[in-house]
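J.: Below: one structure in structure tokens.
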Amino acid sequence: MKEELTDLSLFRWIEAFYTGGSILWSCDGQTLYTTCGNVIKTTNLKDGVPSHVIGNEDENLRITCAALSNTDGSIIVSYSNGLIRQYVLPTSQSGTAEIKRQWKSTHSAPIGVMRFTSDSSLLATGSADFSIKIWSLNNKSCVGAFKGTAAVSEMLFVDNSRILIGCADGSVRLFKLKGEKHLIRDWRNHSSQVVSMFLLSDSIYGIASRDQTISLINIETMEKTRTLPTFEPIESAVMNDARLLYTVGEEGVLKCWKPDTAHLMKSKKISGTRLDIVLYNHTCQQLLIGSSDFNIFVVDEKTLTVVRQMVGFNDEIFDVCFVGRNEMCIAVAANSPELRLYDMNTWACHLVPGHSASIMSVSSAKWDPDLLATSSKDNSIIVWNVSVRAKNDLDCRMVAAATGHTNSVTSVKMSNLSKKPFIVSVSYDTTIKLWSLEEVKGRVTKECYKLTACSTLVAHTKDVTCLDISLNDRVCVTGSMDKTARLWRIDTDKMTLGIGGILQGHRRGIWDVKFAPTAQVVATCCGDCSVRVYSVADRECLATLIGHPSAVLKAIFVNNSTQLLTGDSGGLLKVWNIKMKECEATFEAHDDKIWALLANKDESRFITAGSDGRIRIWADVSEKKREEEQQIRAKKVRDDQTLSNLLEQKRFDEALTFSLTLAKPYNCLKIVNTLIASGASDLHNAIEKLVPEQIVVLLDFASQWNTNSRTSDASQRVLQCILCTNAPEELLKLPNITSVVESFIPYTNRHFERLTKAQQNCAFLNYVWSQMRLPDVPVL
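The opening residue of the sequence shown carries number 1 in full-length UniProt numbering; numbering runs sequentially from there.
Here's what the structure looks like:
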């Protein structure tokens with residue numbers, strides 16, 4: 001039988017790493033640097049594991065842009081207050097980025113763009129105050145300042161002596177940096193913001209703008225050579241090694257152009273939202289794309305297929321569940337219309353469009369792990385088939401859809417048995433609906449089947465928030481804001497719902513309900529900060545668990561239904577013993593509401609997610625902790641027996657050394673007192689054999705003994721022996737010797753004053769006694 005759950009350890013986590021702004025890609029294509037609030041986060045693209053954070057999350061600074069040096073392993077970050085910092089990147093994943101230098105930019109507005117020269121000797125900063133400044137990182141000074149016609153939106157070094165500047169009004173300027181610094185040429189080829197500039201060939205440069213055109217200019221003849229139409233507002237453009245141009249923009253489509261002829265060679269729909277950034281890596285020959293909803297895509301340049309997807313910011317997460325064979329994926333319902341599937345092996349995220357509003361609930365079928373049901377704020381339900389194709393590529397296909405609710409579908413659950421499969425859904429329209437899946441079971445056609453509700457009942461008087469189905473598919477339970485939970489009978493033969501009873505007792509709305517897998521009880525989580533366990537048979541409350549400081553939002557039964565794991569709106573996770581009605585453990589899992597709580601089949605892993613956008617995977621380390629504690633207890637017994645044997649055999653020198661190794665001050669004090677009683681030379685000889693590490697421990701013990709008048713004598717004798725057996729130079733080399741000596745001084749002075757006063761009192765007592773004696777009287 002599985003032991004009790006008492007301890008959890010954070011095993012893996014998924015959190016925000018990109019919230020808009022700069023995206024930088026290392027030359028080897030392995031590391032990603034993304035702006036996340038007031039820090040830069042680094043991520044390993046191979047496995048999606050975050051490595052380190054650049055900056056301080058506690059600082060009240062906002063990052064405006066960043067630039068990566070390809071030569072000296074540093075990154076430049078600019079902040080909204082005009083501060084520029086240069087960080088030295090760590091050489092290992094466990095290291096931290098250190099500030100090399102920082103300075104004020106003297107721009108009067110935030111810096112919007114920064115660019116390095118090819119050798120990283122010069123840095124250009126462009127600001128919304130229309131100005132451009134050139135900084136020499138070697139000389140640590142500003143070596144040039146120029147003025148644009150509008151806010152600077154893009155820059156490109158032609159070489160170390162010339163720079164192209166693009167502005168928000170569509171103008172492009174070429175400046176000379178060496179010698180007499182001045183404006184060489186001003187082009188007015190565009191009517192909207194310049195977003196990208198790139199080298200096409202020799203002296204031909206391309207300028208991409210939001211006015212749906214790309215202009216080609218010759219910086220030698222200073223003339224415009226051609227204008228290419230893109231038929232779309234461009235947000236970013238980049239050239240690859242084969243001289244092909246890739247653009248992204250409003251349509252969410254990656255387009256490949258032949259810039260000489262303006263011929264669109266191929267295109268691929270990447271996202272349903274605007275694409276803001278496209279980067280090219282020469283080493284791995286891949287494209288990296290950032291979207292306006294903070295998603296990142298790695299794309300193969302030849303086939304334009306998405307190699308990897310990453311979600312930079314999940315926003316609020318409402319629900320999670322396992323899907324696929326061997327629980328290979330986590331389905332996530334976030335504040336987004338796209339279904340998010342996380343691969344448990346690579347931690348890549350697959351975004352699946354389908355709903356038109358945020359998904360609120362996800363549920364997988366136990367009888368077919370490839371089937372997944374989702375419910376949304378668009379009042380609909382979709383049933384998906386999730387399968388794995390070649391190279392761990394996920395294929396998510398819509399197999400059925402259901403409409404009929406008149407408000408957001410808050411929860412959906414799939415039946416536990418395969419004999420007569422069905423779906424139950426609840427909604428803010430206060431109804432509960434039963435949908436048969438007989439037509440969907442084993443369906444292999446690509447057409448989406450339209451489900452029809454078999455039974456509909458008005459379940460509550462207010463919003464219905466939660467739902468669960470018993471293991472035998474005969475009963476389901478719903479919870480509502482009307483402070484009640486209700487049981488419903490399910491007739492799978494007729495596919496109808498019937499009233500089963502009411503569970504009352506809560507004083508506020510109910511957020512979650514859960515059937516026990518091995519007992520006929522149901523747990524309810526409520527806004528009154530309590531959890532109640534009811535009997536399904538007689539609908540009586542068996543236990544009330546009180547201890548959460550805020551509303552309880554989620555609960556699951558664990559350990560054969562003997563324990564309950566609950567999460568609240570404050571981010572706390574608690575483990576309850578149902579029989580004893582006691583909280584056995586509390587964990588600070590999240591910073592905000594815990595909306596999702598899930599356990600895998602063997603209950604070795606637990607997943608939590610919530611309003612802070614984090615997904616955290618916890619490992620059950622209860623057994624490991626118990627084994628460690630048992631080993632500690634066994635070792636303690638062995639050590640105590642060894643020490644007792646040494647004392648019994650009067651091997652005090654070895655006993656003293658062994659007690660110092662065990663770090664037990666009381667046992668050591670007993671041995672010191674025994675050595676003192678046997679003779680001062682014995683203590684001296686024992687201390688003389690100690691090594692410096694043991695002397696440090698003994699001095700620490702002695703400083704503790706010195707605080708008590710009853711043990712101060714042993715402390716002073718130990719200190720005397722150490723001072724007599726060790727040279728001052730050797731003692732000064734000991735770690736923390738200064739603090740140890742300082743701790744001795746005040747108590748030693750106090751003991752000296754006490755003994756001096758006692759000595760004076762003894763002398764006074766002897767004098768009084770001598771004066772009070774009667775003279776000797778002769779015997780008559």
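Glycine included, C-beta positions come from ideal geometry on N, C-alpha and C.
Determine contact between the segment 197-216 and the segment 228-236, defined as no fewer than three beta-carbon pairs at a distance below 8 Å.
T.: In short, these stretches touch, since the Cβ pair count reaches three.
J.: What does the alpha-carbon distance come out to for the pair LYS255 and SER80?
T.: The alpha-carbon atoms of LYS255 and SER80 are separated by roughly 34 Å.
J.: May I ask you to report which of helix, strand or coil DSSP gives PRO728?
T.: Helix.
J.: LEU68 to GLY55, Cα distance in whole Å?
T.: Answer to the nearest angstrom: the Cα atoms are 15 Å apart.
J.: Assuming VAL552 contacts CYS525 (C-beta within less than 8 Å), just tell me the rounded distance between them.
T.: The Cβ separation is near 4 Å, so the contact holds.
J.: Would you tell me roughly how many angstroms separate the C-alpha atoms of LEU780 and GLN759, rounded to the nearest one?
T.: Only weak support exists for where LEU780 lies, its pLDDT of 49 falling under 50; the coordinates are left without a value.
J.: For GLY48 versus THR19, is the C-beta spacing smaller than 8 Å?
T.: For GLY48 and THR19, no; Cβs fall outside 8 Å.
J.: Compute the Euclidean distance between the alpha carbons of LYS733 and ILE695, then round it to the nearest angstrom.
T.: C-alpha separation (whole angstroms): 12 Å.
J.: From the DSSP output, read off the bridge partner residues of ASP186.
T.: Looking at the DSSP assignment, ASP186 forms a beta bridge with ARG173.
J.: Which residues in the same chain have their Cβ closer than 8 Å to the Cβ of ALA401, if we skip the five residues on either side of it in sequence?
T.: Correct list, in chain order: SER380, ILE381, ILE382, VAL383, CYS448, TYR449, LYS450, LEU451.
J.: Terminal residues of the continuous beta strand (DSSP E) containing TYR18?
T.: Unbroken run through TYR18: none, as it is neither H nor E.
J.: In angstroms with no decimal places, state the Cα-to-Cα distance between ASN139 and ALA109.
T.: Roughly 25 Å between the two C-alpha positions.
J.: Residue range of the alpha helix (DSSP H) that VAL440 falls in?
T.: Here VAL440 belongs to no alpha helix (DSSP H), and DSSP marks it neither H nor E.
J.: Measuring straight from C-alpha to C-alpha, what distance separates GLU438 and LEU417?
T.: For GLU438 and LEU417, the distance between alpha carbons rounds to 12 Å.
J.: If you follow the alpha helix (DSSP H) that residue 784 is part of, which residue opens it and which one closes it?
T.: Only positions 1 to 780 of the chain appear in this structure, which leaves residue 784 out of reach.
J.: Using a threshold of 8 Å, state whether the C-beta atoms of VAL306 and PHE297 are closer than that.
T.: In contact: VAL306 and PHE297 (Cβ atoms closer than 8 Å).
J.: Among the residues of its own chain, which have a CB less than 6 Å from the CB of SER9, if the five just before and after it don't count?
T.: Same-chain partners within the cutoff: ALA619, VAL621.
J.: Could you have a look at TRP347 and say whether DSSP puts it in helix, strand or coil?
T.: DSSP places TRP347 in coil when its eight states are reduced to three.
J.: If you reduce the DSSP assignment to three classes, tell me which class HIS263 lands in.
T.: Here HIS263 sits in strand by DSSP.
J.: Mind checking THR765: buried by the 16 CB within 10 Å criterion, or exposed?
T.: Reading off the sequence shown, one finds Leu at residue 765, where the question assumed Thr. Looking at its Cβ environment, which holds fewer than 16 other Cβ atoms inside 10 Å, LEU765 is exposed.
J.: Just mark CYS321 as buried or exposed, buried being the case when its beta carbon has 16 or more other beta carbons within 10 Å.
T.: By the neighbour-count rule (16 or more Cβ atoms within 10 Å), CYS321 is buried.
J.: Given 8 Å as the limit, is there contact between the segment 449-468 and the segment 421-440, that is, 3 or more CB pairs closer than that?
T.: Touching, per the Cβ criterion.
J.: Give the straight-line distance between the Cα atoms of ARG754 and TRP103, rounded to the nearest whole angstrom.
T.: Cα-Cα distance, rounded: 60 Å.
J.: Taking the runs of the beta strand (DSSP E) that are 3 residues or longer, which of them lie wholly in the segment 195-250?
T.: If we require 3 residues or more, the beta strand (DSSP E) runs fully inside the segment 195-250 come out as 204-209, 213-218, 223-229, 234-239, 245-249.
J.: For GLN563, count neighbouring C-beta atoms within 10 Å of its own C-beta (all shown protein chains included) and say buried if the count is 16 or more, exposed if not.
T.: Buried, since its Cβ has 16 or more Cβ neighbours within 10 Å.
J.: Using a threshold of 8 Å, state whether the C-beta atoms of SER408 and LYS446 are closer than that.
T.: No. Outside cutoff.
J.: Given a cut-off of 8 Å on the beta-carbon distance, is the pair TYR428 and THR410 in contact?
T.: Their beta carbons are under 8 Å apart, which means TYR428 touches THR410 by this criterion.
J.: Scan the segment 386-427 and note each continuous beta strand (DSSP E) run of 3 residues or more that stays entirely inside, going in chain order.
T.: Entirely contained in the segment 386-427, the beta strand (DSSP E) runs reaching 3 residues are, in chain order, 394-403, 409-414, 422-427.
J.: Tell me, please, whether the segment 11-28 touches the segment 586-594 by the rule of three or more beta-carbon pairs shorter than 8 Å.
T.: In short, these stretches do not touch, since the Cβ pair count stays below three.
J.: Quick one: residues in its chain with C-beta nearer than 7 Å to the C-beta of SER127, no 5 flanking neighbours on either side, listed in chain order?
T.: Answer for SER127: HIS107, ALA109, PRO110, ILE111, GLY112, VAL152, listed in chain order.
J.: Contact defined as beta carbons within less than 8 Å: I believe ARG532 pairs with HIS506. What is the distance between those atoms, to the nearest angstrom?
T.: Confirmed, Cβ separation roughly 7 Å.
J.: Using alpha carbons as the reference points, say which of LEU699, ALA609, LEU122 lies closest to PHE318.
T.: That would be ALA609, whose Cα lies nearest to the Cα of PHE318.
J.: In this structure, how does DSSP classify ARG539 when only helix, strand and coil are distinguished?
T.: If DSSP states are grouped into helix, strand and coil, ARG539 belongs with coil.
J.: If you draw a straight line from the alpha carbon of ASP639 to that of LEU675, how long is it in whole angstroms?
T.: Approximately 21 Å, taken between the alpha carbons.
J.: Please report the residue range of the beta strand (DSSP E) in which TRP367 lies.
T.: Careful: TRP367 lies outside any beta strand (DSSP E) and carries neither H nor E.
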